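Right, one structure below, let's go through it.
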Ligand SMILES: Nc1nc2c(ncn2[C@@H]2O[C@H](COP(=O)(O)OP(=O)(O)OP(=O)(O)O)[C@@H](O)[C@H]2O)c(=O)[nH]1
Ligand SMILES: [Mg+2]
């Protein structure tokens with residue numbers, strides 16, 4: 092019975108994700124689902140990215156959090172369209188929440204790229220398709236290099252891994268060799284970009300990935 096309920100929930104989510112994907116594709120909108128543990132640097136990455144890309148790409152953001160509108164307020168300060176979802180205890184976003192959030196954007200908002208910051212969690216978000224084009228996983232060097240091995244599903248389903256807080260590497264025992272070896276076993280050829288969302292180090296490669304894939308590179 093329990094299994095059937097879970098299966099139904101996932102199937103309903105797949106149906107809505109498929110509707111979202113059709114909606115986004117029809118608008119020519121590229122959609123990224125940004126996943127990480129709490130505090131790995133998702134919002135900081137978005138802030139730095141927006142400062143650098145705002146004039147090149149029409150970017151919008153959906154923020155997912157259990158409580159508060161703090162992340163949406165951070166993004167709104169940069170004058171980018173943003174909608175906050177509060178899951179009120181839920182550990183991940185689902186396709187229905189994203190559909191409702193999408194309808195909160197004024198219809199005339201001209202967007203080319205939509206980034207969805209998922210709830211801080213390295214496990215549950217991977218199971219729920221939101222209708223995105225690609226998942227991007229962030230891990231930061233302060234979390235330990237064993238995270239891909241311990242939470243492989245998110246890495247398996249991601250198209251790109253960002254290794255954040257690289258500015259702090261020398262102050263941690265993060266083992267780059269172990270990290271890359273584990274990733275190689277979980278998802279060979281998964282691209283990894285080492286970045287500091289705070290200092291901007293390595294971020295050009297991330298912008299290239301986002302903008303070129305968006306088809307707006309000149
Ligand atoms: N040194 C350093 N600190 C960073 C970097 N990126 C983020 N931080 C810091 O890490 C903390 C958490 O960053 P956030 O961007 O709020 O993390 P988040 O993933 O959005 O967190 P949740 O939304 O709560 O899951 C903040 O104090 C940031 O300033 C980085 O590249 N280097
Ligand atoms: Mg955040």
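In the working numbering, the protein residues as written are 92 to 309.
Note that the Cβ used here is the ideal one computed from N, Cα and C, for glycine as well.
In this text the structure is predicted, and so the values were computed from the model without any measurement.
Assignment of residue 199 by DSSP, reduced to helix, strand and coil, places it in the coil class.
Rounded to the nearest whole angstrom, the CA to CA distance from residue 260 to residue 99 is 43 Å.
Comparing alpha-carbon positions, the option among 231, 276, 258 lying closest to residue 243 turns out to be 276.
Taking the Cα of residue 278 as reference, the smallest distance to any Cα among 183, 268, 245 is reached at 245. If you check the CB distance, residue 190 and residue 103 do not come in under 9 Å. The C-beta distance from residue 253 to residue 286 rounds to 5 Å, short enough to meet the 8 Å contact threshold.
Ligand 1 has a heavy atom closer than 8 Å to the beta-carbon of residue 290.
Assigned with DSSP and collapsed to three states, residue 95 falls in helix.
Straight through space, the alpha carbons of residue 144 and residue 199 are spaced by roughly 21 Å. The beta carbon of residue 257 lies closer than 8 Å to those of 232, 285, 286, 287, 292, 293 in the same chain, with the five residues before and after it left out. Rounded to the nearest whole angstrom, the C-alpha separation of residue 303 and residue 140 is 14 Å. With a cutoff of 9 Å on beta-carbon distance, residue 226 and residue 124 are scored as near each other.
It is roughly 12 Å from the alpha-carbon of residue 268 to the alpha-carbon of residue 235. With contacts defined as CB atoms closer than 9 Å, residue 154 and residue 208 qualify as a contacting pair.
Taking the Cα positions, residue 116 is about 43 Å away from residue 264. In the structure shown, residue 248 adopts helical secondary structure according to DSSP, grouped into three states. As the crow flies, the alpha-carbon of residue 131 is around 31 Å from that of residue 113. Cβ-Cβ separation between residue 212 and residue 229: approximately 12 Å, too far for a contact (criterion under 8 Å).
At the C-beta level, residue 251 and residue 219 stay beyond 9 Å of one another.
Following the DSSP letters along the chain, one finds residue 194 in no alpha helix (DSSP H), marked with neither H nor E. Taking a C-beta distance under 9 Å as the contact criterion, residue 180 and residue 108 do not qualify as a contact pair.
If you look at residue 292, you'll find it isn't in any alpha helix (DSSP H); DSSP assigns it neither H nor E.
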